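Reviewing the structure listed below.
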Amino acid sequence: MKADFFKKDFNLHNISHAYLFECKDSNESHKLTDNFIKKILCTSNKEKSIFCDECKSCKSFNGNSNPDFLEILPDDKDKIGIGSLRGDTDKNRGIINVLNETSLISNAKVIKINCAEKLNEEAQNYLLKILEEPPKNSHIIMLSSRPFKLKKTILSRLIRINIQHKELKNKFNGIKIDPLFSEILYKEYDLDSMSEKEFNFLSDLFINTIESLDNYNFSKETILDTWNDDYLNFRLNVLKLNVFQTILGEFNKANNKNSVITSLLGEERLFLFLEEIISFQALLANKVPINKKLQLDVIFDFIK
Ligand SMILES: [Zn+2]
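Last residue of the sequence shown? That's 1173 in the numbering used here, and every number before it is there in order.
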């Protein structure tokens, strides 16, 4: 889930439309991200695990002039408004223009948004519409050190990768935090302003969710009954992270064991499973009236 993500073998079919890289605004983060973007754009047919640095796309990317790539930065007031996304000023062509065009010299089109937490409300709404129906062959890569500042509707559309090293808290008021739990807290909550009561509540919820996943083999009904509450989104995050770590092989390194549920699926199925979870979360975030229990049933049917 961390920098290892970038070392994975590269398969364009498994690249999502939209990512959020959770990281500090540091040179290291940008280098990792830019290399990832370069790989997506590179037209070389050679081994795809790395960019070639020789094709037209790679060369122009290195020269900051790749027409299939657009980088959005905060403006003079340290905000990202809708104008920056639309390209109202002469500074850029606007993300819609780039995404809707056929790629000119690259394999795809990529938008990179730095310090995404600085997107204002209007800009986030504009972006959400694009994320809901992403143009073909296009990718949006957002970077943020404060992801909880983004709207839940946006977050639900993104594959989130934490590339921030040792920023995750391993303790709360002296209590040790499970690394998986810490990652979930980091994504959705501001730990610095969290009360002990809230922390304990979420901690119990986390354990309870992990247990229900472990017991999955014995009873899908348990999940259907217990998960269908106000914390469904939190529980789906636990599941999503589980799938992620299985895909990245993180469980082998850490002494964690992955839940039975995810170890049953091959990589391709895991990616599809992940997509199912993400679209379910998008429905929830958008408050689409759905039968949650039924939807859960459909998702878990995937495991068979
Ligand atoms: Zn190349």
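The C-beta atom is built at its ideal place from N, Cα and C for all residues, glycine as well.
It should be emphasised that the depicted structure is a prediction, and the values quoted were computed from it without experimental measurement.
Contact holds between the region 1013-1023 and the region 980-999, because three or more Cβ pairs, one in each stretch, are under 8 Å apart. Between LEU901 and GLU991, the alpha-carbon positions lie close to 29 Å from each other. DSSP places PHE1068 within a helical segment (H, G or I) once states are collapsed to three. If you draw a straight line from the Cα of PHE1140 to the Cα of LEU1110, it comes to about 12 Å. Judged by DSSP in its simplified three-state form, LEU1060 adopts helix.
Membership of ARG1029 in the beta strand (DSSP E) is indicated by the continuous run 1028-1031. In its chain, beyond the 5 residues on either side, LEU1074 have a beta carbon closer than 6 Å to the beta carbon of TYR1100.
Residues of the same chain with a CB within less than 7 Å of the CB of TYR1058, apart from the 5 flanking positions on each side, are PHE1017 in chain order. Going by beta carbons, GLU1145 and ILE1172 fall outside the 8 Å limit. By the CB criterion at 8 Å, CYS984 and LEU1019 fall outside the cutoff.
Along the length of the region 953-993, whole alpha helix (DSSP H) runs at least 4 residues long occupy 964-969, reported in chain order.
With a cutoff of 7 Å, CYS984 does not count as near ligand 1, since its C-beta is closer than that to no heavy atom of the ligand.
Looking from the CA of PHE1068, the closest CA among ASN1084, THR1091, LEU1049 and ILE1044 belongs to ILE1044. For ILE1009, the uninterrupted beta strand (DSSP E) segment begins and ends at 1007-1013. One Cα belongs to ASN1160, the other to LEU1105, and the distance between them is close to 16 Å. The three-state reading of DSSP puts ILE941 in strand, counting E and B together. With contacts defined as CB atoms closer than 8 Å, PHE920 and ASN904 qualify as a contacting pair. Looking at the backbone, the Cα of ALA977 and that of LYS1162 are separated by about 38 Å. Classified as exposed, ASP957 has fewer than 16 neighbouring CB atoms from the shown chains inside 10 Å of its CB.
Taking the C-beta atoms as reference points, ILE1076 is found no nearer than 8 Å to ALA887. If one requires a minimum length of 4 residues, no alpha helix (DSSP H) run lies completely within the region 899-928.
Distance from the CA of LEU1165 to the CA of GLU1137, rounded to the nearest whole angstrom, comes to 20 Å. SER913 places its beta carbon 8 Å or farther from that of GLU897. Rounded to whole angstroms, the separation of the alpha carbons of LEU1117 and PHE874 is 7 Å. Secondary structure note for LEU1105: its alpha helix (DSSP H) is the uninterrupted segment 1101-1117.
Between the alpha carbons of ILE1046 and ILE1053 lies a distance of about 11 Å. Per DSSP, the unbroken beta strand (DSSP E) holding PHE890 starts and ends at 887-891. Counting along the chain, no alpha helix (DSSP H) covers ASP1047, and no H or E run does either. Classified as buried, PHE938 has 16 or more neighbouring CB atoms from the shown chains inside 10 Å of its CB.
The beta-carbon distance between ILE974 and SER929, rounded to whole angstroms, is 7 Å. This is short enough to meet the 8 Å contact definition.
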